[in-house]
Amino acid sequence: LWGNPLYRWERMEQAGFPWWTARFKRAFELTDIVRIDHFRGFESYWSVPAGAPTAESGKWLPGPGSALFEVVQERLGPQSIIAEDLGVITPEVDQLRIGQGYPGMTVLQFAFDGEATNRYLPHNHEPMTVVYTGTHDNDTTQGWFDSLPEHQKNNVRRYLGHALMDPPWDLMRVAQQSVARYAIVPMQDV
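The sequence shown begins at 1427 in our numbering and counts up one residue at a time.
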């Protein structure tokens, strides 16, 4: 279906997660901060039988949870990790992320649906997050803005309090003013 094999988490844990520890070690040799994509899979993941034509026959199975991250920290010391927590996030996933002290993500392109309680709006950001204008899964901020229906463009303008002269730079400015721990702007928005 997706062509991705599943990890044998029990075996990896019994061995002390050497493959994962080496992988994290190398990542931190190359970068200062690592973002874990699909972080929710470390709490639980959707397992689909090999050869299944669709994902409908899958089921949720437990991931390694905090055991993996505790071993990584024990062997490598404290590291800067961002946990991608977009999509279907359960309280258990939040508990794992927060328990490890990893900030989650907020994406400004998801903010302007007209709901004041939208967690992606800057006034709802929390310090334990990292704000992005967009991610590798999104269009550029200019492309995103250009494709919005007019009522949503008006939501952006109303929230920012002015006509947008340059949407990417306007959203970069908003990201930099956020209380989030870090602001990240994809290169294509610059």
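For every residue, glycine included, the Cβ atom is placed at its ideal position computed from N, Cα and C. Since the model is a prediction, treat every value here as computed from it, not as a measurement.
- Counting the other Cβ atoms within 10 Å of the Cβ of residue 1529 gives 16 or more, which makes it buried.
- Exposed is the label assigned to residue 1580, since fewer than 16 other Cβ atoms lie within 10 Å of its Cβ.
- Assignment of alpha helix (DSSP H) within the region 1434-1464, counting only whole runs of 4 or more residues, yields 1435-1440 and 1444-1456 in chain order.
- Per DSSP, the beta-bridge partners of residue 1506 are 1459.
- Taking 8 Å as the upper bound for CB-CB distance, residue 1508 and residue 1556 are in contact here, some 5 Å apart.
- For secondary structure counted as the beta strand (DSSP E) over 3 or more consecutive residues, the region 1551-1579 holds these complete runs in sequence order: 1555-1558.
- For residue 1522, the enclosing alpha helix (DSSP H) starts and ends at 1517-1526.
- The beta carbons of residue 1615 and residue 1559 sit about 5 Å from each other, so the pair counts as a contact at 8 Å.
- Here residue 1551 is buried: its Cβ has 16 or more other Cβ atoms, across all protein chains shown, within 10 Å.
- Looking at the backbone, the Cα of residue 1469 and that of residue 1500 are separated by about 19 Å.
- In the three-state reduction of the DSSP assignment, residue 1612 falls in the coil class, being assigned neither a helical nor a strand state.
- Under the three-state reduction of DSSP output, residue 1530 falls in the strand class.
- Pairwise C-beta distances place the region 1601-1616 out of contact with the region 1574-1591, as fewer than three of them are shorter than 8 Å.
- Under DSSP, residue 1487 shares a beta bridge with 1471.
- The straight-line gap separating the alpha-carbon atoms of residue 1503 and residue 1521 is approximately 21 Å.
- Here DSSP, grouped into helix, strand and coil, assigns residue 1500 to helix.
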